[in-house]
């Protein structure tokens, strides 16, 4: 009998990287489906272009690195990145916006750092911010709700995504955009938000990025991930709580200038950010305490940028800034080791 | 989300697939046929190996001393059955390396004849020192896997004012049920052993910690302890590595052992439950530790069960007794699947440390390819010690051992929890074992070079001393020579003066 000696443990848990990525993708399905329903075929085409090109760029980079691409493509991380990029784009954006987003996310956001697990910044958020700065018009053209089968058909939609017919659509501003524009026209909040409906905003019947409009569905996906123990609660809770707290305090001080917590939590990418971006394994801190710090930092930055910054939405910038602090947080926030104080000194006998 | 409501005293850990039902309901088998030959290594404990005192060809009786303990931390070994000493040779050890160690081979005669045993009339009349002595003489060692000589621990306890004896009956490793079965079937004897340990250490109270997946064992122990208020039986959550005694202690009492100290520093001594049973046998029946209960399980085993095995039986025989399909074994493990050792061969003896023999089939150990770390920090959440396995591994990978030590490498207990949960299947604990080995090697090298340096220094000092001594002697010799010369000259001068005086006198007389 010949038996190869190996080191323990000799049994392992069953959840693998590809399974985790798969669970996150499943959690995003309801919000994605809602986006497709709301914005029709152009959104579907854009989503396909983004995911397809993400896979393509991933394969290209791996080939250039001289690594066999198939096992890495199967880990589903590129699909997830492509999907996340698509979800943050305006639903009727032209195809090249999506492809450029995937290129930025996969090539600049991930592979130049060394691939899966090595990147400092969240690829999808890097793509969103780069696109927002580079193509401000395309990135802030918000189409009105145009449900599937009521809007343009599959053939006409081809022209919207791959041609240049997007300009014909009826567009308007998002909640946060309206607030920002209102202020520059010296309007107060109630004036610029005359048609704001908190409930519609929550279920997602409104203008906005393809995957972000329904806070309800994104929140549902996030809670499911929590239940599945794919993500931990510390980051999301800290993020949402810090925004809720800040907006409540400022809204209470001056309700004509500061949005209330309900509007803040339902607008823009907050829910997606809290449950799917701030919980990104690679770019967020390792410890629960670190994740809370990270989440709170994101929340505070988002509130500051939204309220006093030049952009209506601050999520992308906030997350990138906090990504940059992750190594620092990881350096200073560490778990306490058994039998030691936090500073690493063994505990005193009288203390134990 | 659930971690919000968890006990703050319980950190990390995993709930692995248990695989315990296969063996937990089957009574301990005692009918294993007596092997023709028994292989008894003289080193079955932490500390110095025992020294053989039997000769080849000598007849021995069951329970007779084969090798005596030497040094303060050591334990003797005894004959598991009667027969002739066939050989004293170097035989492969039950270890991943299978390196040979000194082993006494007994050719059994089938009579299984005991040496005369000195059974005490009432073991509780014995003095504490006497109890410890009997435990030590019986070769009892920690049967949870650490195999530390039990008498040494008891003595240490008596000298250190112990207030609590913790009996570790966690048995958190998957597959293993030997402690479970022992508690179900021999609870009363175990409790007697615990009471003897308390008396041996002059300690007032004992706590027994049992994982809550062993309800029958818990019930049996509770009934057996009912008459003894000094012993409490407590359930702990089923969460590997609960059997790590420091984790169990913290969970049950909130006390934490300092990182640089041991349990006795805070007034606690921790023993495994099977050890308590061995103590009962040693003191009440005067029987040395010559057999133990071993869990035989795994996909390749036809009749998974716990077997009372004589120390020194070959694992091949134990596996055969349990109808094992040899061809189906793709990994043989001594101990549990988390921390046990994979053995390269099966014809090695069962030793005191062996609580399980697992013959795992291919589907039980399937290992997917290693993927890059995605920093998911699952390992951080699972580490019971509070370490950052992913950070430590990346430092070790970059060959920055000191950085890994700063992160707490030396506090790692090698429980394997991090490797178990890693979704990228990175062999984290393997990195830590490797790094610890490297550190040990480095320490040895430093020690060696220090020693060399000391030798060189000593030699230089000696040479210097000799040189100074020689110089001193040379100086003294020179001084003596000078003195002699001076004296000679003085004498000459005196003689000359005397001569001159004489001459003057003569001249005067001649005038």
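Chains as they are written, first to last, in the numbering used here: chain P, 82 to 433; chain D, -7 to 503. Yeah, the Cβ is synthetic: ideal placement off N, Cα and C, and Gly gets one too.
- Could you pull the start and end residues of the alpha helix (DSSP H) that residue 11 of chain D belongs to? Membership of residue 11 of chain D in any alpha helix (DSSP H) is not indicated, and neither H nor E is assigned to it by DSSP.
- Task: Determine whether the Cβ of residue 263 of chain D lies closer than 7 Å to any Cβ atom of chain P.
- Result: For residue 263 of chain D, no CB of chain P lies under 7 Å from its own CB, so it is not counted at the interface with that chain.
- Query: What is the DSSP secondary structure of residue 26 of chain D, counted as helix, strand or coil?
  - Reply: coil
- Item | Cα-Cα separation between residue 420 of chain P and residue 240 of chain D, rounded to whole angstroms | 13 Å
- Item | Best match in D/208, D/406, D/467, D/153 for proximity to residue 261 of chain D [C-alpha to C-alpha] | D/153
- residue 262 of chain P classed as buried or exposed, judged by whether at least 16 other C-beta atoms fall within 10 angstroms: exposed
- Task: Put residue 76 of chain D into one of helix, strand or coil per three-state DSSP.
- Result: strand
- Go ahead and pull the three-state DSSP assignment for residue 484 of chain D. helix
- Item | Contiguous alpha helix (DSSP H) assignments of at least 4 residues, all confined to the region 107 to 148 of chain D | As far as the region 107 to 148 of chain D is concerned, its whole alpha helix (DSSP H) runs of at least 4 residues are 120 to 129.
- Query: Where do the ends of the beta strand (DSSP E) carrying residue 408 of chain P lie?
  - Reply: Run containing residue 408 of chain P: none in the beta strand (DSSP E); it sits in the alpha helix (DSSP H), 396 to 413.
- Task: Would you kindly report the start and end of the unbroken alpha helix (DSSP H) that includes residue 106 of chain P?
- Result: Residues 98 to 120.
- Query: In angstroms, rounded to a whole number, what distance separates the CA positions of residue 453 of chain D and residue 38 of chain D?
  - Reply: 39 Å
- Compile a chain-ordered list of the residues in the region 178 to 204 of chain P whose CB is closer than 7 Å to at least one CB of chain D. 196, 197, 198
- Query: Listing by chain order, which chain D residues have their CB less than 8 Å from the CB of residue 222 of chain P?
  - Reply: In chain D, no part has a C-beta under 8 Å from the C-beta of residue 222 of chain P; the shortest such distance is about 35 Å.
- The alpha helix (DSSP H) with residue 385 of chain D in it runs from where to where? 381 to 389
- Task: List in chain order: all unbroken alpha helix (DSSP H) runs of 4+ residues lying wholly within the region 344 to 381 of chain D.
- Result: 370 to 374
- Message: Beta-carbon within less than 8 Å of residue 414 of chain P's beta-carbon, same chain only, minus the 5 sequence neighbours each way: which residues are those?
- Response: 366, 368, 370, 371, 374
- Message: Could you check whether residue 343 of chain P and residue 288 of chain P sit closer than 7 Å to each other, using their CB atoms as the reference points?
- Response: Contact flag unset, no.
- Task: Report the three-state DSSP secondary structure of residue 93 of chain P (helix, strand or coil).
- Result: Reduced to three states, the DSSP call for residue 93 of chain P is coil.
- Between the Cα of residue 122 of chain D and the Cα atoms of D/278, D/456, D/366, D/331, which residue gives the shortest distance? Comparing Cα positions, the closest option is D/278.
- Query: For residue 424 of chain D, is the classification buried or exposed, using 16 other Cβ atoms within 10 angstroms of its Cβ as the cut-off for buried?
  - Reply: buried
- Message: Is there a Cβ of chain P sitting closer than 7 Å to that of residue 413 of chain D, yes or no?
- Response: Among the residues facing chain P, residue 413 of chain D is included, as its CB has a counterpart in that chain under 7 Å away.
- Min CB distance residue 404 of chain P to chain D below 7 Å: Residue 404 of chain P does not count as touching chain D.
- Message: I'd like the span of the beta strand (DSSP E) that includes residue 436 of chain P, first residue to last.
- Response: A query on residue 436 of chain P cannot be resolved here, the shown segment of chain P reaching from 82 to 433 and no further.
- Is it buried or exposed for residue 362 of chain P, if we count other Cβ within 10 angstroms and need 16 for buried? buried
- Under a CB-based cut-off of 7 Å, is residue 91 of chain P close to chain D? yes
- Span of the alpha helix (DSSP H) around residue 167 of chain P: 158 to 168
- heavy atom of the ligand NAD below 6 Å from residue 390 of chain P C-beta: This structure does not include the ligand NAD; it has no bound ligands of any sort.
- Candidates D/352, D/328, D/180: which alpha carbon is nearest residue 318 of chain D's? Comparing Cα-Cα distances from residue 318 of chain D to each of D/352, D/328, D/180, the minimum goes to D/352.
- The beta strand (DSSP E) with residue 323 of chain D in it runs from where to where? 323 to 326
- Message: Can you pull the chain D neighbours of residue 156 of chain P, defined as C-beta to C-beta under 8 Å?
- Response: 363
- Item | Buried or exposed (CB count within 10 angstroms, at least 16 for buried), residue 493 of chain D | exposed
- Message: Any beta carbon from chain P within less than 7 Å of residue 456 of chain D's own beta carbon?
- Response: It does not: the Cβ of residue 456 of chain D has no partner Cβ on chain P nearer than 7 Å.
- Among D/162, D/212, D/156, which residue has its Cα nearest to the Cα of residue 192 of chain D? D/156
- Item | Start-to-end residues for the beta strand (DSSP E) that takes in residue 201 of chain D | Run containing residue 201 of chain D: 197 to 203, per the beta strand (DSSP E) assignment.
- Could you check how far apart the C-beta atoms of residue 211 of chain P and residue 236 of chain P are, in whole angstroms? I think they sit under 8 Å. Going by Cβ atoms, the distance from residue 211 of chain P to residue 236 of chain P rounds to 32 Å, so no, they are not a contact pair.
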